[in-house]
Amino acid sequence: MTRIGLVLGAGGLLGSAWMTGALSALERRLDRPLGELDLVVGTSAGSVLGAALRCGMSVDELLAHQRGAEPGEIAEDLGGRGLPDMRTIERESGDGLPPIPLPWIGSPRLLASAIAHPLSINPVIAASGLLPAGRGRMVSLIRMVAALQTRLGITVDGWVPGAPLWVVAVDYDAGRRVVFGREGGPPSSVGEAVLASCSIPGWFAPQVIDGRRYVDGGVASSTSLGLLARPGAPELDEVYVLAPMASHAYDRPHDPVAGAERWVRHLITRWLDAEVRAVRATGVRVAVLTPGPADLDAMGGNLMNPRRRERVLDTALATSSGALDEAAAAA
């Protein structure tokens with residue numbers, strides 16, 4: 002059987018909605034449950050979806066959850082088990098705006114290390130230490146993972162045996178990327194790892210695990226696809242990458258906020274393209290799916306805006322099959 006990896010990138014609330022629509026198209030194409038693929042790598046929003054898939058949530062259930070269904074409507078055995086509805090997740094995320102941060106910088110130790118060793122720390126990671134200390138907490142993500150693990154019959158702290166899941170975060174004081182779930186990675190529960198991977202600097206408080214502070218893995222890379230080009234990476238035949246924060250075709254927004262977002266998106270895309278080339282150089286086929294002009298128009302300029310979520314989902318459901326055909330042909 003073809004060995005397939007799935008890489009799910011960062012992208013906030015709207016990136017999660019877009020990826021859910023894209024996952025529906027991908028599962029139809031592969032004719033194989035995505036939770037059973039050979040490797041799943043998740044960063045930030047992608048870690049939530051990756052954990053959900055690995056913990057037994059189907060793509061249809063993810064779609065129903067995005068539509069706002071109650072847990073019992075999604076699946077009878079989830080009723081009353083603690084699966085948070087989308088409105089709860091939206092409220093915890095700040096309803097599109099970050100909570101007022103604390104009046105000091107997020108990581109003085111990271112800045113000190115960057116000044117002392119300027120070539121040893123990713124400059125984007127170093128810059129994140131300058132952001133004010135975030136205060137938000139998305140504890141519903143831990144409850145979500147726990148509910149799914151209970152349904153699956155494994156311990157709340159356990160990772161699903163035989164189903165590799167890599168959750169990417171950044172050690173906020175050391176300034177280095179870490180991969181929970183990978184051999185040699187820091188110990189944690191799945192829920193803690195997901196919360197760490199989603200802790201956007203300046204927006205959410207860092208997640209503390211075993212005395213270390215962790216923040217959003219997207220600070221290091223929007224997808225961390227490049228991990229699969231490193232020595233010791235699992236042997237795969239092909240990899241599908243869903244990258245909500247990159248694009249290879251753009252809209253022309255009039256909103257200056259959206260215009261600024263597109264400029265940042267160009268930079269992220271260049272980084273992703275370099276990672277794609279590195280993985281392809283190892284002989285692995287890589288198909289990359291990114292939002293197109295219609296998706297970007299639906300997203301606007303704030304990927305944390307919950308009021309656009311269903312529009313983004315509907316657009317992704319309409320665009321992803323064709324975009325996936327193009328991505329697979331380019332692989």
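Numbering of the sequence shown is given in the working numbering, commencing with residue 2 and proceeding in unit increments. No residue lacks a Cβ here, since even glycine has one placed at the ideal position from N, Cα and C.
Which listed residue (the options) has its alpha carbon closest to that of residue i
i	options	result
D238	A148, D39 and A164	D39
L325	T291, R312 and L111	T291
R1	G323, E327 and D296	Within the shown structure, residues of the chain are numbered from 2 to 332, placing residue 1 beyond reach of any answer.
A170	A148, P207 and V146	P207
V258	M300, T283, P235 and V280	M300
I155	P104, S190 and L132	S190
G212	P188, V195 and L229	P188
P336	L103, P104, G22 and A52	Nothing can be reported for residue 336, as the shown portion of the chain is limited to 2 through 332.
A261	P102, R281 and G302	G302
V209	S45, R138, P104 and H118	R138
V287	R253, V240 and D274	V240
P100	P165, P133 and S114	P133
S94	P124, G10 and G203	G203
L229	V285, V265, F181 and G186	V285
L54	G73, R33 and A70	R33
D96	M87, P104 and P102	M87
P102	E236, F205 and E276	F205
R68	T21, S321 and A328	T21
A331	V265, D274 and A117	D274
A319	P294, Q150 and L98	P294
S184	L226, A234 and A11	Looking at the sequence shown, residue 184 is not Ser but Glu. Out of L226, A234 and A11, A234 has the C-alpha closest to the C-alpha of E184.
L50	R92, G10, I75 and L98	G10
R180	G135, G227, R136 and P104	Per the sequence shown, the amino acid found at residue 180 is Val instead of Arg. Answer by Cα proximity: G227.
Y215	H118, S108 and R263	S108
Cβ shell of residue i (< 8 Å), same chain only, five flanking positions each side left out
i	result
L111	I122, I126, A127, S129, G130, Y173, D174, A175 and G176
R278	none
Secondary structure of residue i, DSSP reduced to three states
i	result
D252	coil
D274	helix
T320	helix
V8	strand
D32	coil
E239	strand
I269	helix
V289	strand
I101	coil
D217	strand
I201	coil
Close Cβ partners of residue i (< 6 Å) along its chain, the five nearest in sequence each way excluded
i	result
T89	S141
I201	D217
R231	none
G16	A46, P245 and L304
P165	L40
R334	The requested residue 334 does not occur in the structure, where the chain is confined to residues 2 to 332.
S321	G22, A23 and A26
A328	A288, V289 and L290
T316	A295, D296 and A299
Same chain, Cβ closer than 7 Å to residue i, five either side skipped, listed in chain order
i	result
V60	L24, S25, E28 and L35
P85	S141, R144 and M145
R30	L325
L314	A18, T21, G22 and Q67
T283	A230
Residue-chain proximity (residue i, chain C), Cβ-Cβ < 9 Å
i	result
M139	Looking at the structure shown, chain C is missing, and only one protein chain is on hand.
Exercise for review: List in chain order: all unbroken beta strand (DSSP E) runs of 3+ residues lying wholly within the stretch 119-192.
Suggested key: 166-172 and 177-181
Review point. Can at least three beta-carbon pairs, one atom from the stretch 6-18 and one from the stretch 38-53, be found at a separation below 8 Å?
Key: In short, these stretches touch, since the Cβ pair count reaches three.
**Study point:** Three or more C-beta pairs below 8 Å linking the stretch 193-201 and the stretch 246-261
**Key:** no
**Study point:** Contact the stretch 262-279 vs the stretch 221-240: 3+ CB pairs below 8 Å
**Key:** yes
Practice item. Could you tell me which uninterrupted beta strand (DSSP E) segments, each at least 3 residues in length, are contained entirely in the stretch 12-65, listed from first to last along the chain? Key: 40-44
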